[in-house]
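Here's the structure we're looking at; comments come further down.
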Amino acid sequence: MTATNAATMAAVLGMPDPVAYLDHAATTPLRPEARAAMLPWLGERFGNPSGAHGVARAARTAIDEARDVVAGALGCAPTEVVFTSGGTEADNLALQGVVAARPGPVVVTAVEHHAVMHPWEHVGGRTVPVDARGVVDIDALTAVLKELPDTTLVSVMAANNEVGVVQPLAEVTRVVRRIAPGAVIHTDAVQAAAWLDVADLAAGADLIAISGHKVGGPQGVGALVVRRGTPIRPSMLGGGQERELRSGTHNVAGIVGLAAALAAKADHREAEAKHVAALRDRLADGLLALIPDARETAVAAGQGARGRDHLLPGTLHLTIAGIESEALLFLLDEARVCASAASACASGAQEASHVLAAIGVPVTTTAGALRLSLGWTSTDGDVDRVLDVLPAAVARLRSAPSARTAP
Ligand code: PLP
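Sequential numbering of the sequence shown, starting at 0, is according to numbering that gives the first Met the number 0.
Given below as structure tokens:
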């Protein structure tokens, strides 16, 4: 059924319009393959994989098989996969665990996710700037590493969650290995894993963090690849279930779902990336034409789709002058369009984005930040709906007496 047919059918049945979901970077729907793999583990199969009897052994086998799949997808040995409760725990384990094993400064880019930024603030070190396209400044990284040759860990995300910039990890790895050969390299591949071949992209990294719910798996599960020989201590103590690096009874359904999602993702990656990039480009070009004073973040003006080569296929980030994101998101939500300003704090309120500040987006326009992120379920109908609703919502806000600044 096409999206238009779905909408018509919904109207005939007196149901509310279907939602146009453009917040896949926040979480993407569970893939049917993941759901099917998980269901038995939410029902008749329930063993604790650490036990010794048959029911437990069956759960252990499921974890072992999932581990093989995840290792294949991430390009590591099965023994190098540490299952966690998600991307946040994987990032925390990476930064805090390495510093606990080998104290020293940690170097991160200025655009890392809070799951890296906050542990980094805790352990200390330096940040490296990015350019106007959001790409890490390799000369600045070189200079920082020369200044801090005892750097213990360098963390550069594979792709950014707010604006979608993919970082040149191979180049980063070359620089780190040359200038600070003792440093451990960590990459947060939570967003990248939804679109890119992480095994290839992060081949040079010692630590790789991923999360289930960004790749079509469930929420509350993730993994950290810890390559053999990497100095690291556990951040959570207990039964030592994951190679003594992570304790806690395994989330069997979650782990099985994560593996199934990664396998499905690998099967569909290329086709989905092409399809979604075309949708994103149509959406971007349409909105830029329809909304005066809307700017695409991290993209040089006037280059069209070519200017987006360094972005994940599903991400479109805009700043829209003369409006506030919160008010816009409210109107979009009313029109059943789900989007995000990409930098909400846990309370749901918007907070200033350190990513936009690092990219040099003028503070006068960051108030009107909007992230539209597409994913594996996105359709032409979603794009049509946003093209229909968003320019009108912006015009309405701009004409409201309370509009803060003229566009
Ligand atoms: N890192 C990045 C880049 C993310 O986008 C996210 C989630 O938004 C995380 C880490 C945290 O992952 P999780 O939600 O699984 O804790």
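In this text, a Cβ means the ideal position worked out from N, Cα and C, and glycines have one as well.
Owing to the predicted nature of the structure, the values given are computational and were not obtained by experimental measurement.
Excluding sequence positions up to five away, which residues of its chain have a Cβ less than 6 Å from the Cβ of residue i?
{"i": "Gly-359", "result": "Ala-131"}
{"i": "Gly-238", "result": "Ser-246"}
{"i": "Gly-124", "result": "Pro-104, Val-105, Val-106"}
{"i": "Pro-118", "result": "Asn-91, Leu-94, Gln-95"}
{"i": "Val-153", "result": "Val-106, Val-175, Ala-182, Ile-184"}
{"i": "Gly-203", "result": "Thr-172"}
{"i": "Ala-341", "result": "Glu-161, Arg-370"}
{"i": "His-353", "result": "none"}
{"i": "Glu-323", "result": "Ala-366"}
{"i": "Thr-7", "result": "Bear in mind that a pLDDT of 47 at Thr-7, under 50, signals an unreliable position, so the number given afterwards is only what the model happens to contain. Excluding residues within five positions, none has a Cβ falling inside 6 Å."}
{"i": "Gly-46", "result": "Val-54, Ala-55, Ala-57, Ala-58"}
{"i": "Val-388", "result": "Ala-334, Val-336"}
So what does DSSP say about residue i, is it helix, strand or coil?
{"i": "Leu-244", "result": "coil"}
{"i": "Ser-324", "result": "helix"}
{"i": "Met-235", "result": "strand"}
{"i": "Ala-2", "result": "With a pLDDT of 47 at Ala-2, under the threshold of 50, the modelled position of this residue cannot be trusted; read the value that follows with caution. Looking at Ala-2 - three-state DSSP - the assignment turns out to be helix."}
{"i": "Ile-290", "result": "coil"}
{"i": "Thr-60", "result": "helix"}
{"i": "Glu-269", "result": "helix"}
{"i": "Thr-83", "result": "strand"}
{"i": "Leu-152", "result": "strand"}
{"i": "Ala-434", "result": "For residue 434 there is no data in the structure shown, the boundaries of the chain being 0 and 406."}
{"i": "Arg-21", "result": "According to the sequence shown, residue 21 is Leu rather than Arg. DSSP places Leu-21 in coil when its eight states are reduced to three."}
{"i": "Gly-285", "result": "helix"}
{"i": "Ala-340", "result": "coil"}
{"i": "Arg-305", "result": "helix"}
{"i": "His-121", "result": "helix"}
{"i": "Arg-370", "result": "strand"}
{"i": "Gly-256", "result": "helix"}
{"i": "Ala-297", "result": "coil"}
{"i": "Val-175", "result": "helix"}
{"i": "Val-69", "result": "helix"}
{"i": "Leu-278", "result": "helix"}
{"i": "Val-134", "result": "coil"}
{"i": "Leu-331", "result": "helix"}
{"i": "Ala-89", "result": "helix"}
{"i": "Leu-310", "result": "strand"}
{"i": "Ala-158", "result": "strand"}
{"i": "Val-214", "result": "coil"}
For residue i, which residues in the same chain have their Cβ closer than 8 Å to its Cβ, ignoring the five residues on either side in sequence?
{"i": "Lys-145", "result": "Ile-178"}
{"i": "Ala-392", "result": "Leu-327, Leu-330, Leu-331, Ala-334"}
{"i": "Pro-167", "result": "Val-134, Val-135, Ile-137"}
{"i": "Leu-282", "result": "Leu-315, Leu-371, Leu-373, Val-382, Val-385, Leu-386"}
{"i": "Thr-27", "result": "Ala-193, His-212, Lys-213, Val-214, Gly-215, Gly-374, Trp-375, Thr-376"}
{"i": "Thr-318", "result": "Ala-293, Arg-294, Thr-296, Leu-355, Val-360, Thr-364, Thr-365, Gly-367, Ala-368, Leu-369"}
{"i": "Thr-141", "result": "Val-174, Ile-178"}
{"i": "Ala-25", "result": "Ser-339, Ser-372"}
Output needed for residue i: all residues of its chain with C-beta closer than 7 Å, excluding positions within five of it in sequence on either side, in chain order.
{"i": "Pro-77", "result": "Arg-66, Asp-67, Ala-70"}
{"i": "Pro-406", "result": "The pLDDT assigned to Pro-406 is 42, lower than 50, so where the model puts this residue is not dependable, and the model offers no usable value."}
{"i": "Pro-312", "result": "Trp-194, Ala-272, Val-275, Ala-276, Arg-279"}
{"i": "Val-224", "result": "Leu-73, Cys-75, Glu-79, Val-80, Leu-206, Ile-207"}
{"i": "Gly-303", "result": "Asp-284"}
{"i": "Leu-21", "result": "Val-336, Cys-337, Ala-338, Leu-371, Ser-372, Leu-373, Asp-381, Val-385"}
{"i": "Thr-126", "result": "Val-107, Thr-108, Ala-109"}
{"i": "Met-37", "result": "Pro-217, Ala-252, Val-255, Gly-256"}
{"i": "Thr-87", "result": "Ala-114"}
Which residues mark the beginning and the end of the alpha helix (DSSP H) in which residue i is found?
{"i": "Arg-397", "result": "379-398"}
{"i": "Thr-365", "result": "362-365"}
{"i": "Arg-34", "result": "31-37"}
{"i": "Val-197", "result": "197-200"}
{"i": "Thr-141", "result": "137-146"}
{"i": "His-353", "result": "353-358"}
Ends of the beta strand (DSSP E) at residue i?
{"i": "Ala-76", "result": "From DSSP, Ala-76 is part of no beta strand (DSSP E); its letter is neither H nor E."}
{"i": "Asp-187", "result": "183-187"}
{"i": "His-112", "result": "Neither: His-112 is in no beta strand (DSSP E) and is coded neither H nor E."}
{"i": "Ala-222", "result": "221-225"}
{"i": "Thr-314", "result": "314-319"}
Since residue i contacts residue j with CB under 8 Å, what's their CB separation in whole angstroms?
{"i": "Val-220", "j": "Ser-84", "result": "7 Å"}
{"i": "Val-197", "j": "Asn-159", "result": "At roughly 15 Å, the Cβ-Cβ gap does not stay under 8 Å, so Val-197 and Asn-159 are not in contact."}
{"i": "Glu-32", "j": "Ala-263", "result": "4 Å"}
{"i": "Pro-217", "j": "Gly-256", "result": "5 Å"}
{"i": "Ala-165", "j": "Ala-192", "result": "For the record, residue 165 in the displayed sequence is Val; it is not Ala. That belief does not hold up - the Cβ atoms of Val-165 and Ala-192 are roughly 12 Å apart, past 8 Å."}
{"i": "Leu-289", "j": "Glu-295", "result": "With a Cβ gap of about 13 Å, Leu-289 and Glu-295 do not count as contacting."}
{"i": "Thr-150", "j": "Pro-102", "result": "About 11 Å separates the two Cβ atoms, so there is no contact after all."}
{"i": "Ala-99", "j": "Arg-232", "result": "4 Å"}
{"i": "Leu-413", "j": "Ala-157", "result": "For residue 413 there is no data in the structure shown, the boundaries of the chain being 0 and 406."}
{"i": "Phe-82", "j": "Glu-243", "result": "Actually they do not touch by this definition, with Cβ atoms about 13 Å apart."}
Is there a Cβ of chain B sitting closer than 9 Å to that of residue i, yes or no?
{"i": "Val-81", "result": "Of the protein chains in the structure, only one exists, and it is not chain B."}
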